[in-house]
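Be aware that the sequence shown starts at 37, since it is given in this note's numbering, and climbs by one per residue.
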Amino acid sequence: MTKAYKTLETRFRRMNVLSDIGSMLHWDMAAIMPDGGANARSEQLATLDVMENELINAADLGDLIEDAGNEGLDEWQQANLGEMKRAWVHGTAVPAELVEKMSLAETRCEVAWRSARADNDFKGLLPKLQEVLDLSIEAGHAKAAALGTSVYDALLDQYDPMMRSERIDSLFSDLEDFLPSYTAEVIERQKSEDAPVAPTGPFPVDVQNSVGLDLMKAVGFDFDHGRLDISHHPFCGGIPDDVRITTRYDENDFTSAIMGVLHETGHAMYERGLPSDWRGQLVGKARGMTMHESQSLLVEMQACRSEEFLTYAGPMFEKAFGGNAKAWDAANLHRLYTRVEPGLIRVDADEVTYPAHVILRYRLERALIEGDMKLADLPGAWNEMMQKLLGITPPDDRNGCLQDIHWPSGAWGYFPTYTLGAMAAAQIFAAAKEACPEIPGALAQGNFGPLMGWLGQNIHSQASSRSTDDILHAATGKVLGIDAFKSHIINRYGQ
C-alpha cells in the first residue's frame with residue numbers, strides 16, 4: 037500500500053474511533069444517563085469533538101491527501117480518499133474553539149429539551165436553542181465559504197453529501213403538485229368506507245417490548261451486536277458492531293412503539309450490513325441520511341405496512357394482546373395502517389401526509405438559517421404553516437415546534453432527508469420486488485431473508501463507495517425522483 041494513503045488510513049481510523057466513542061456516549065445520554073450527568077457529559081463530548089477536529093486540522097493532512105491522489109489507488113481507495121477530502125474541507129473550515137462551543141451548547145440544549153417538551157415550555161428553551169442556532173449559522177458560514185455553497189446547503193451537506201436545496205425545492209414542488217389534492221381524495225373516499233376495527237388496549241409495555249424484540253429478530257437484527265432500549269425520541273445509534281436502537285411506549289397505542297422499532301431496525305440493518313473490510317474508514321460508512329432513511333422507511337412503511345407482512349404479524353399481535361380477533365385480521369390491520377388523517381406528530385404520521393411535516397420543517401429551518409425569521413417567532417410560524425399544509429393547528433408547543441429533538445441537538449439541515457428517503461425507499465423496494473418476486477410471499481411468512489439479501493448486495497455493501505444517485509441508479513435504473521413514490525402511494529391508497 038502506498039505511503040501517503042496508508043498514513044491517511046491510520047489517521048482517519050483514529051478519528052473514527054473518537055467518533056464511535058461519541059456515538060456510544062450519545063446513546064447513553066439519551067437512554068440511561070440521569071439528567072444530573074448532563075454537564076459532565078457535555079464536557080466529555082466536547083473534548084472528543086475537539087480532539088477529532090485537531091486531527092483533521094493536522095498541518096500535513098492536505099499534503100497527504102494530494103500525494104495520495106498520485107499513488108495509483110484502486111476504486112474503493114479512491115472513493116475513500118474522496119470522502120477524506122470532503123471531511124477535511126468540512127473539518128478545516130471550523131476552528132476548534134467553535135467546535136467546542138457547538139458541542140457544549142448542543143448537548144446542554146438537548147438535555148434541556150426533554151423537560152421543555154414535557155412542560156410545554158418553549159420560552160424556557162429559547163435561550164439555549166438560540167445559542168445552538170447562532171453557532172450552527174456561524175459554522176455554516178465557514179463551511180459555505182469552503183464548499184462554495186449557501187449556508188443552508190453547507191449544513192445540509194453534512195447529512196446528505198452533494199444534495200442541494202435547489203434540487204430539494206424541485207422534488208418537493210413535484211410532491212406539492214400531487215399530494216394535496218390526492219390526500220383530500222383519499223380522505224374523502226375513506227370516509228365512505230367502513231372504518232377499520234381498532235385494537236383496544238391497554239397494551240402493557242412489557243408485552244409491547246417482547247413483540248418488538250420478536251419482530252426485530254424476524255427482520256434479521258443480531259442481538260450479539262445490538263440492543264433495544266427506551267428514550268424520549270426513538271433513534272438508532274451506536275456503531276456498526278454494536279447498534280443501539282430505542283423506542284418509546286404508550287399503553288394506549290401499541291402501533292407507535294412497534295412501528296418505531298421496525299423503523300429503527302431498518303437503520304440498524306443498514307449499519308450492520310456495511311462492509312466489515314472497510315470498518316474505520318469513511319468509505320465504509322453509510323452514504324448519507326437520505327440513504328439511511330430509505331432503509332428505515334423501506335422496512336417500516338414499504339414492507340411492514342404491506343398486507344403480506346400483516347398476514348404474519350396479525351396472529352402475533354393477537355396472541356400477545358388478545359381482544360377482538362377481527363381487529364388482528366390482516367385485511368383489517370392493512371386498512372388501519374393505511375388510514376389517512378392529518379395529525380400533529382411527525383413520527384406518527386401516515387405516509388401520505390408525512391411529506392407535509394417534512395416540508396414544513398424544511399421551510400422553517402431554511403428561514404431561520406437564512407435570517408428570514410426570528411427564532412422567537414417559531415411557534416406562531418409553525419402553527420400557521422401546519423394549518424396551511426395539513427389543515428390543523430397544534431393546541432400547544434409540545435405537540436408543535438417542541439416535538440422533535442433535531443434542532444435542540446444541532447441537526448439543522450437533516451429534515452429533508454426523511455422525505456428524500458421515502459422517495460428512495462419506494463424506488464428501492466420496487467426494484468427489489470422486480471428482481472426477487474418471492475419477496476412479498478416471504479414477508480407473509482415473516483421471512484425477510486430475500487429482501488435483506490437483495491438490500492445487502494445492492495445497497496448496504498456499497499456504503500459510501502459511490503454517490504447516492506449512482507448507488508440508486510445501479511440498483512433501480514434511475515437516480516432519485518418522485519415517480520416510484522407517487523406510484524406506490526396511488527397503488528396502496530387508491531384502492
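Where is the CB? At the ideal position from N, CA and C, for every residue including glycine.
Of the listed residues the options, nearest to residue i (C-alpha basis)
i, options, result
"M120", "A66, M51, P415, G184", "M51"
"G248", "N360, T301, Q166, L207", "T301"
"D278", "R315, E287, A152, L251", "R315"
"A403", "G320, A366, W448", "W448"
"A74", "G98, R150, N89", "R150"
"F271", "A67, G513, M198", "A67"
"L117", "L318, A499, E88, W443", "L318"
"L109", "D265, S78, E45", "E45"
"S59", "R341, R200, G273", "G273"
"S332", "M305, G160, A361, H299", "H299"
"W124", "Q114, R153, K42, E90", "E90"
"L165", "A467, I405, K469", "I405"
"P240", "L264, G530, D289, L207", "D289"
"P70", "S267, F208, E107, G105", "S267"
"A462", "G379, D413, G513, T83", "G513"
"Q493", "C145, N106, I464", "I464"
"A304", "W443, T43, R263", "R263"
"S503", "P197, R528, L161", "P197"
"L516", "G184, P430, F208, D413", "F208"
"T143", "M252, V168, D250", "V168"
"E107", "D313, A148, Y41, E343", "Y41"
"V187", "I475, Q498, G407", "G407"
"I49", "F257, E88, T185", "Strictly speaking, residue 49 in this sequence is Arg, with Ile absent from that position. Measuring from the Cα of R49, the nearest candidate turns out to be E88."
"D250", "K227, P351, A363", "P351"
"G358", "I428, L426, Q244", "Q244"
"I518", "R225, P163, D205", "D205"
"E202", "L215, T185, D213, N483", "T185"
"T283", "E229, D242, D258", "D242"
"D213", "R528, G530, K522", "K522"
Per-residue DSSP class, three states only, for residue i
i, result
"V383", "helix"
"D286", "coil"
"G532", "The chain is shown from 37 up to 531; residue 532 falls before or after that span and cannot be answered."
"V279", "strand"
"C272", "strand"
"Q113", "helix"
"W448", "coil"
"F345", "helix"
"T236", "coil"
"F484", "coil"
"G492", "helix"
"G62", "The question names Gly, yet the displayed sequence has His at residue 62. Helix, per DSSP."
"L310", "coil"
"W124", "helix"
"L516", "coil"
"A499", "coil"
"F257", "coil"
"C145", "helix"
"G477", "helix"
"D71", "helix"
"I441", "coil"
"E79", "helix"
"S292", "helix"
"D505", "helix"
"P391", "helix"
"S267", "coil"
"P415", "helix"
"P378", "coil"
"D408", "coil"
"N368", "helix"
Whole-angstrom C-beta distance between residue j and residue i, which should lie under 8 Å
i, j, result
"A480", "F345", "7 Å"
"L310", "H62", "At roughly 19 Å, the Cβ-Cβ gap does not stay under 8 Å, so L310 and H62 are not in contact."
"A471", "L508", "Not really, about 14 Å apart at Cβ, beyond 8 Å."
"V394", "I223", "Actually they are not in contact, since the Cβ atoms of V394 and I223 sit about 19 Å apart, beyond 8 Å."
"S500", "A115", "7 Å"
"L84", "L54", "5 Å"
"G482", "Y348", "4 Å"
Within-9 Å CB hit, residue i to chain D
i, result
"S228", "Of the chains in the structure shown, none is chain D; there is only one protein chain."
Requested in this report: Pair every Cβ in the segment 336-343 with every Cβ in the segment 295-305, then say whether three or more of these pairs are closer than 8 Å.
Outcome: yes
Report task. State whether the segment 312-331 contacts the segment 450-467, with contact taken as three or more CB pairs (one from each stretch) at a distance under 8 Å. Result -> Output reads yes: the segment 450-467 touches the segment 312-331.
**Report entry** Inside the segment 151-175 only - beta strand (DSSP E) runs reaching at least 3 residues
**Finding:** Runs of the beta strand (DSSP E) inside the segment 151-175: none found.
Query raised in the report: Quick one: any contact between the segment 219-238 and the segment 374-390, if contact means 3 or more CB pairs under 8 Å?
Result: yes
Requested in this report: Could you tell me whether the segment 226-240 touches the segment 371-384, using the rule of 3 or more Cβ pairs below 8 Å?
Outcome: In this structure the segment 226-240 touches the segment 371-384; the number of beta carbon pairs closer than 8 Å is three or more.
Requested in this report: Count the CB pairs spanning the segment 170-180 and the segment 191-205 that are closer than 8 Å, and state whether there are at least three.
Outcome: yes
Query - Stretch-stretch touch, CB-based, cutoff 8 Å, three pairs: the segment 130-141 with the segment 168-176 - result: yes
Query - Within the segment 187-254, ranges of the alpha helix (DSSP H) (whole runs, at least 4 residues) - result: 187-195, 201-227
Requested in this report: Decide if the segment 431-438 is in contact with the segment 409-417; the criterion is three or more beta carbon pairs, one per stretch, under 8 Å apart.
Outcome: The count of Cβ pairs closer than 8 Å, one atom from the segment 431-438 and one from the segment 409-417, reaches three, so the stretches are in contact.
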